[in-house]
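Participant: Take any residue in the sequence shown, note its place counting from 1, add 13, and you have its number in the numbering used here. Glycine included, C-beta positions come from ideal geometry on N, C-alpha and C. What you are looking at is a predicted structure, and each value in this text was computed from that prediction instead of being measured. This is the structure I have questions about; it appears just below.
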Amino acid sequence: MADDAQRIDALEERIAYQDEAIETLNQTVTAQWAVIDALKREVAALGERLEDAVSGPAPVDRPPPHY
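What follows is the structure in structure tokens.
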């Protein structure tokens with residue numbers, strides 16, 4: 014009977030550590046998704062700026078002021 018109690022205690026201890034590890038991993042993944050979402054928005058904004066720059070009128074080549 015004492016052996017069973019020790020095994021149960023060991024299992025409960027392992028579960029407690031695993032619960033803590035899972036919670037830490039969950040927080041890390043949640044933070045990473047927030048960063049990924051921000052990066053996606055930034056990439057989309059940069060893509061729009063690039064598209065606007067490419068589709069806009071070509072810059073006028075003017076001679077330098079010393080001519």
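(1) Please list the terminal residues of the continuous alpha helix (DSSP H) segment that includes Asp74.
(2) Using only the alpha-carbon positions, how far apart do Ala71 and Val42 sit?
(3) Would DSSP call Gly69 helix, strand or coil?
(4) Compute the Euclidean distance between the alpha carbons of Glu55 and Asp65, then round it to the nearest angstrom.
Facilitator: Taking the coordinates as given:
(1) Premise fails: Asp74 is in no alpha helix (DSSP H) and is neither H nor E.
(2) When the Cα atoms are used, Ala71 and Val42 turn out to be separated by approximately 44 Å.
(3) In this structure, Gly69 counts as coil in the three-state DSSP scheme.
(4) Cα-Cα distance, rounded: 15 Å.
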